[in-house]
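Have a look at the structure below, then the notes.
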Amino acid sequence: LSWGVDEKSLTEAFSSFGNVTEVRIIYDKDSGRSRGFGFVHFSTDNDARSAKDSMDGKAFLGRPLRISFALEKVRGGPVVVPRLSNVTDVSRRNN
7 LSWGVDEKSL
17 TEAFSSFGNV
27 TEVRIIYDKD
37 SGRSRGFGFV
47 HFSTDNDARS
57 AKDSMDGKAF
67 LGRPLRISFA
77 LEKVRGGPVV
87 VPRLSNVTDV
97 SRRNN
């Protein structure tokens, strides 16, 4: 995102694709300056897909948009994924 973008301009740019329910721009904690990315939430998946398909790569306030779907952040502790070496091969139990 352009460093000068605000929530209002981002909402206006994406509202033609459907109902925008939330817009959030991520700012640097120390400087208060935009970190160059944000999130636009739509009320339906179809609206979000339409916006992504239409706006990805397009210039917005002087910078090209790079749009992808965000993964939902897991709240709480870290997610533990076992290593393959720690997993018992179930297929060998019946042999």
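Residues in the sequence shown are numbered consecutively from 7, following my numbering. Every residue gets a Cβ at the ideal spot worked out from N, C-alpha and C, and that includes glycine.
Mapping the DSSP letters down to three states, classify residue 22 as helix, strand or coil.
helix
Can you tell me which residues form a DSSP beta bridge with residue 31?
DSSP lists 44 as the beta-bridge partner residues of residue 31.
Quick check: the Cα distance between residue 36 and residue 7, rounded to an integer number of angstroms?
19 Å
What residue does the alpha helix (DSSP H) around residue 58 start on, and which one ends it?
Its alpha helix (DSSP H) spans residues 51-61.
Less than 8 Å between the C-beta atoms of residue 24 and residue 60, yes or no?
no
What separation, rounded to the nearest whole angstrom, lies between the Cα atoms of residue 98 and residue 76?
Below a pLDDT of 50, predicted positions are generally treated as unreliable, and residue 98, at 47, falls in that range; the measurement from the model is reported next regardless. C-alpha separation (whole angstroms): 39 Å.
Exposed or buried, which one is residue 62 when buried takes at least 16 other CB atoms within 10 Å?
exposed
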